[in-house]
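In this note's numbering, the protein residues as written are 144 to 696.
Shown next as structure tokens:
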């Protein structure tokens, strides 16, 4: 009854029009976007009443869903108006975080209240804005889609960046399918850059050179970037899609400015007790998804659905069940694959319950590697031209980036803006030559990153308590092979540094001197006492009983 009500709630906009006179052989549509119910002009505009091609195609929208025509297509009244309002303020459209961080690094003032403006009106042609226009903002939903078809390099296009699925071997009459079953290839074009999340998840690390003794572990992406095979995230190995974790609220926004936007947490699925809400508190959108994916929608005997703890978003594909043998199980049904997976529960064990581990995120131990670049040089050449992603043409001036000391290894630990200890990587470890300024600007900023390289075995006790790299300590400096004057530290802070190292997020930082001392005290004892030793259960009290001539003093 629930799903039938939802389907009957859809509004038919154009059931009769002339397009089908020529295009009646088209197929591949879902029942919710069948042109025999909605017509073609609901999405493609044009003149549906004309019988001649040149008149019928006047004002035709070749790429419905692009941000420039949303009010006439996906966002029109009776369709997805509410979702479009949210998307306009989502970080994937505004990219405000990227804009604000880059301007701050360039030492430029932040314009006041630009959030509501289109990107082309936010960015001018100088300094940080010029750099963003030419090297960064191809990765936002407002970037225009110019070609039909899907590739690993595709970016932008508004709604169809995610929700349009092209057949692998399309027939001439086959139309791409509009779907909420968004596979990981839709994410790859943008998220294989910067933090390289899409690469990390698959177990691919971007590198600078091939190891001749392991040539079989290296390959090239379609854009010719060199990658090395590493350990893939265990969720990837299980066949999980990005949307099996990340919610609609995270991806499409919530209609207001939200710097973080993160909704999902590991414990939403892995904690012993699930958070739930009754079916009568589902949002209209959550009801809609239930109708679109009835085979993935589950609720308990008490008419409750699993939700995230942070914002109460429905995780309708996660449920608890009892096996024929009476065993209680936690299950997830893949939103794309339909595959049923058993979810292991968080264990109240030695590492999780130790005093001093309360502030650790899951990533701090279970993220096994992260992409890291310790050398970056940026300069501007006014005599060259470069593609402007907003004007869609080459304009005067070129930003040139050089990098060195690229690696994929265990990341450093730091303190995020909420006070929790998590994984950090070099975010802005760079030398910047700004136009019109003779002095080079240097920054040594790290950024919190959830690298999506989760493994069960994770980081060892020694890998934190006896590792300078984990603590962010600088152990050497690295130079560009062709520019020995370009020298940058491999690490975050100097040994004994009084002031914590800075982050690209103003409220995040490196571990401070006191925190490092506490971590190292445990490391001193690990040399003799195994991790299972009872001394670690109440380490502070145990240390107070030591004689003053003990080696750990």
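Note that the Cβ used here is the ideal one computed from N, Cα and C, for glycine as well.
Contact check for residue 300 against residue 229 fails: the beta carbons are separated by 8 angstroms or more. Residue 354 and residue 515 have their C-alpha atoms roughly 18 angstroms apart.
Following the DSSP letters along the chain, one finds residue 660 inside the alpha helix (DSSP H) bounded by residues 656-669. Just so you know, the alpha carbons of residue 416 and residue 473 end up roughly 10 angstroms apart.
In the three-state DSSP reduction, residue 175 falls in the helix class (H, G or I). If you look at residue 248, you'll find it isn't in any beta strand (DSSP E); it sits in the alpha helix (DSSP H) that goes 239-248. Beta-bridge partners of residue 449 (DSSP): 419. By the C-beta density criterion, residue 577 is buried, having at least 16 other C-beta atoms within 10 angstroms. Counting along the chain, the unbroken beta strand (DSSP E) around residue 528 starts and ends at 513-531. Rounded to whole angstroms, residue 573 and residue 497 show a C-alpha spacing of 38 angstroms. DSSP lists 518 as the beta-bridge partner residues of residue 547. The alpha helix (DSSP H) runs of length 4 or more contained entirely in the segment 172-223 are, from start to end of the chain, 178-181, 184-187, 196-199. Residue 334 and residue 237 have their C-alpha atoms some 16 angstroms from each other.
Close CB contacts of residue 296 within its chain, under the 8 angstroms cut and outside five residues either way in sequence, are with 332, 365, 366 (chain order). Minimum Cα-Cα distance from residue 394 among the listed residues 171, 190, 329 corresponds to 329. Residue range 564-576 is occupied by the beta strand (DSSP E) that includes residue 572, with no alpha helix (DSSP H) assigned at that position. Residue environment for residue 286: buried (at least 16 other C-beta atoms within 10 angstroms of its C-beta). By the Cβ criterion, the segment 668-682 is in contact with the segment 491-511, since at least three pairs of Cβ atoms, one from each stretch, lie closer than 8 angstroms.
As summarised for the segment 294-366, the continuous beta strand (DSSP E) elements at least 3 residues long and confined to that stretch are 347-349, 361-363, given in chain order.
Per the coordinates, the alpha-carbon of residue 201 lies some 17 angstroms from the alpha-carbon of residue 211. In the displayed model, residue 635 falls within coil according to three-state DSSP, outside both helix and strand.
Distance from residue 580 to residue 479 at the Cβ level is roughly 49 angstroms; contact not present, criterion being Cβ atoms closer than 8 angstroms. With respect to residue 542, residue 521 sits close: the two C-beta atoms are nearer than 8 angstroms.
CA-to-CA, the gap between residue 467 and residue 481 works out to about 21 angstroms. Excluding sequence positions up to five before and after residue 275, its CB lies within less than 8 angstroms of the CB of 241, 242, 245, 266, all in the same chain and listed in chain order. By the neighbour-count criterion, in which a residue is buried when 16 or more other Cβ atoms sit within 10 angstroms of its Cβ, residue 590 is buried.
In the structure shown, residue 405 falls within a coil segment according to DSSP collapsed to helix, strand and coil.
Look at residue 493 here: in three-state DSSP terms it is helix. From the listed residues 571, 475, 249, 661, the smallest Cα separation to residue 582 is found for 249. Between residue 553 and residue 651, the beta carbon gap of about 19 angstroms keeps them out of contact (Cβ cut-off 8 angstroms).
With respect to residue 277, residue 530 sits close: the two C-beta atoms are nearer than 8 angstroms. Contact annotation: residue 271 and residue 252 have beta-carbon atoms that are not nearer than 8 angstroms. Pairing residue 400 with residue 262, the inter-Cα distance amounts to about 15 angstroms. Just so you know, the alpha carbons of residue 215 and residue 658 end up roughly 56 angstroms apart. Between residue 596 and residue 512, the gap from beta carbon to beta carbon is short of 8 angstroms.
Beta-bridge analysis with DSSP links residue 616 to 636.
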